[in-house]
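Shown next, in structure tokens, is the structure this report addresses.
2 protein chains.
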Amino acid sequence: MILTVTLNTALDITYKVDALTPHASHRVTDVAERPGGKGVNVARVLAALGHDTVVTGFAGGPTGGVLRDLLAPLPVRDALVPVAGTTRRTVAVVDASTGDTTQLNEPGPAVTADEWSAFLTGYDALVREADAVALCGSLPPGIHVGAYADLVRRARAASVPVVLDTSGEPLRRGIAARPDLVKPNADELARLTGAREPLRATRDARRRGAHAVVASLGPEGLLAVTPDGIWQAAPPSAVKGNPTGAGDSAVAGLLSGLVEGLPWPDRLARAVALSAATVLAPAAGEFDMTTYRELLSRSTVTEHATAA
Amino acid sequence: MILTVTLNTALDITYKVDALTPHASHRVTDVAERPGGKGVNVARVLAALGHDTVVTGFAGGPTGGVLRDLLAPLPVRDALVPVAGTTRRTVAVVDASTGDTTQLNEPGPAVTADEWSAFLTGYDALVREADAVALCGSLPPGIHVGAYADLVRRARAASVPVVLDTSGEPLRRGIAARPDLVKPNADELARLTGAREPLRATRDARRRGAHAVVASLGPEGLLAVTPDGIWQAAPPSAVKGNPTGAGDSAVAGLLSGLVEGLPWPDRLARAVALSAATVLAPAAGEFDMTTYRELLSRSTVTEHATAA
């Protein structure tokens, strides 16, 4: 079983409007809702790949209720912990005239010390059943900035591989607790290390404590600095589309390859192909299995001459 | 008791953002929710004026549940009829840098024939207890365009005064059923009559069947064409602020004066003062009682020399 943790889950709402004009009134022509937050997205991709997947984190209030109702029909197990606060919404306003998206993200609910304790009890029990753990996304108010570091240590104490995908100070603290893998994007990497050059920044990130670092470099694919070597992985050609969820699909590919014991090049090929298939899919965060398989067969993974 | 009907209720959500930039991602710094839809707004003002007020219409799904929870502590009676569909949301995005608002309105839930029948049964019973009825706002999908005309006839059959505040074809059909009062704004009036000149358009609207027409002309106040005469009512000076809900406050003022048997000039003074107090209040659709009383004492109502 793979466990994904989303401390700041969200109900992702997509509004379609004819054309977004600031300070005007708009008729929303289409409303779509789906359960969101990075770990929930990762879980959905893992389930599509056939992995037994459990989702934990927090859910509360009417929005949390809708999120759980939408999770129920998916092939993932819901182990979300109830909170008194209300799960946040994100609203993506898609302008039908241009295809561009304007994003509005509510703040998450404040989580109390008792709710965090309840989560930790459940987390420790789930980790014991897990083949791998993914810790994903931002922290809601009330959760201490070292929370991911704590969760990394608990997974490592149970000898369960743990992947961390977050940003800012929670990433800085979490990486020092020695996760098996972190997957920053170029911006997160630069903020963490102060370095802009990808290879230098990725190596620097690894020296901060992660066993392996896979940096997602947008259209250029992935750069992996691991104990076994350095690789650059790329899709067969630059793909154009909606990048929402592409990073989460890459995490799912890496996790999937990890629990199957695949060598790094195969894990990376899976990650870039899933990521590119997600960019190509019309709906944000979705991917088409045939497109994924086709991209997987044509993705390239090149080993870097320099040692890690 | 005053009955307000809101067939297309809404959960009104207000998001504050630092500055709205199309195609960018925004952190929402503040989220506020309140029960909405024009008849709900009218009821809130009536209750603040001390009137016994009942709200009916439809509510359904998780959003409808939140709307009813938010109505519960207000001094209005909730007689909303449950529907299988989900009550719509409206999202007002307030740009803190300019104070401007960008509005996103979801479509309403489809109402079935059985749900409409259940509503009519409840409506007929409530109308028998009512001193006046207000029919407010748009029609949700599934409700026939002549619905307001039907509701006007039922109120008139029970000899209960009925006010209609809607637009487009529902207004055109509704006015032909001879409501006691309609309150179009300048745009609605022009669409209904084809005339742009306010007095001409208001008289034309009255000839279509309404016993009285009070046109809201924005900062210029109200123009009333009634069986007793023609009046122009204006606040003491042009007010600057958020016009959201100002029209609903005017309807509440007119209804309030109607059930108290006030002469037209007093009803109109109440309506312009409430409307201006609503524009001046910092929160959309709210008003301050002291500001209202002060504006009421200084509003002007001028009789027009020409006969109706």
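Chains as they are written, first to last, in the working numbering: chain X, 104 to 411; chain G, 104 to 411.
In this text, a Cβ means the ideal position worked out from N, Cα and C, and glycines have one as well.
The model shown is predicted, which means the values in this text are computed figures rather than measured ones.
{"query": "The region 251 to 259 of chain X touching the region 278 to 294 of chain X, judged by at least three CB pairs closer than 8 Å", "result": "yes"}
{"query": "Pair within 8 Å by beta-carbon distance, Pro-346/X and Arg-401/X", "result": "no"}
{"query": "Three-state secondary structure assigned by DSSP to Gly-167/G", "result": "helix"}
{"query": "Beta strand (DSSP E) runs contained entirely in the region 237 to 271 of chain G, provided each spans 3 or more residues", "result": "265 to 268"}
{"query": "Extent of the continuous beta strand (DSSP E) to which Glu-232/G belongs", "result": "Element bounds for Glu-232/G: not the beta strand (DSSP E) but the alpha helix (DSSP H), 216 to 232."}
{"query": "Among Thr-201/G, Val-157/G, Thr-224/G, Arg-192/G, nearest to Val-169/G - alpha-carbon criterion", "result": "Arg-192/G"}
{"query": "Length at least 3, wholly inside the region 139 to 213 of chain G: the beta strand (DSSP E) runs in chain order", "result": "156 to 163, 180 to 186, 191 to 198, 204 to 208"}
{"query": "Chain-ordered chain G contacts of Asp-290/X [CB-CB under 8 Å]", "result": "In chain order: nothing, as chain G lies at least about 12 Å away."}
{"query": "Where Ala-337/G falls: helix, strand or coil (DSSP)", "result": "strand"}
{"query": "Rounded C-alpha distance that separates Gly-167/X from Ala-376/G", "result": "42 Å"}
{"query": "Buried versus exposed, by CB contacts within 10 Å (16 or more), Lys-343/X", "result": "exposed"}
{"query": "Residues, ordered as in the chain, of the region 159 to 187 of chain X that lie near chain G by beta-carbon distance below 9 Å", "result": "Gly-164, Pro-165, Thr-166, Gly-168, Val-169, Asp-172"}
{"query": "Beta-bridge pairing of Asn-288/G - partner residues as DSSP gives them", "result": "Ser-319/G"}
{"query": "Counted within 10 angstroms of its Cβ, other Cβ atoms place Pro-273/X as buried (16 or more) or exposed", "result": "buried"}
{"query": "Under 9 Å (Cβ pairs) to chain G, residues found in the region 118 to 136 of chain X", "result": "Tyr-118, Val-120, Leu-123, Thr-124, Pro-125, His-126, Ala-127, Ser-128, His-129, Arg-130, Val-131, Thr-132, Asp-133, Val-134"}
{"query": "8 Å Cβ cut-off: residues of chain G touching Asp-203/X", "result": "Pro-125, His-126"}
{"query": "Where Asn-427/X meets chain G, residues with beta-carbon distance less than 9 Å", "result": "There is simply no residue 427/X to check, as chain X begins at 104 and stops at 411 in what is shown."}
{"query": "Cross-strand partners of Arg-137/X (DSSP beta bridge)", "result": "Asp-115/X"}
{"query": "Any chain X beta carbon closer than 8 Å to Val-196/G", "result": "yes"}
{"query": "Inter-residue CB distance, Thr-190/X and Leu-106/X (contact presumed, cutoff 8 Å)", "result": "Between Leu-106/X and Thr-190/X the Cβ distance is about 19 Å, and since that is not below 8 Å, they are no contact."}
{"query": "Residues near Ala-293/G by beta carbon distance below 8 Å, same chain, minus five either side", "result": "Arg-299, Ala-304"}
{"query": "Backbone CA spacing between Asp-133/G and Ser-220/G [nearest angstrom]", "result": "40 Å"}
{"query": "Which residues DSSP lists as bridging His-129/G, in chain order", "result": "Leu-207/X"}
{"query": "Close beta carbons around Ala-261/G, own chain, < 7 Å, minus the five adjacent residues each side", "result": "Val-230, Arg-231"}
{"query": "Of the residues Leu-295/X, Val-197/X, Pro-244/X, the one placed nearest Asp-268/X, counting alpha carbons only", "result": "Leu-295/X"}
{"query": "Pairwise C-alpha distance: Thr-394/G and Leu-383/G", "result": "9 Å"}
{"query": "Option in Thr-329/X, Pro-264/X, Gly-225/X with minimal Cα separation from Glu-363/X", "result": "Pro-264/X"}
{"query": "First and last residue of the uninterrupted alpha helix (DSSP H) at Glu-397/G", "result": "392 to 401"}
{"query": "Cβ contact check for the region 191 to 209 of chain X and the region 115 to 132 of chain X: 3 or more pairs under 8 Å", "result": "yes"}
{"query": "Rounded separation between Leu-320/X and Gly-211/X - CA only", "result": "28 Å"}
{"query": "Cα-Cα separation, Asn-208/X to Pro-138/X", "result": "14 Å"}
{"query": "Beta-carbon proximity of Phe-161/X to Pro-243/X, cut-off 8 Å", "result": "yes"}
{"query": "Local conformation of Gly-388/G per DSSP, three classes", "result": "coil"}
{"query": "Ala-199/X, buried or exposed, once every other Cβ within 10 Å from all chains shown has been counted against 16", "result": "exposed"}
{"query": "Same chain only: Cβ atoms within 6 Å of Ala-135/X, ignoring 5 sequence neighbours per side", "result": "Thr-117"}
{"query": "Bridge-paired residues (DSSP) for Ile-105/G", "result": "Thr-156/G, Ala-235/G"}
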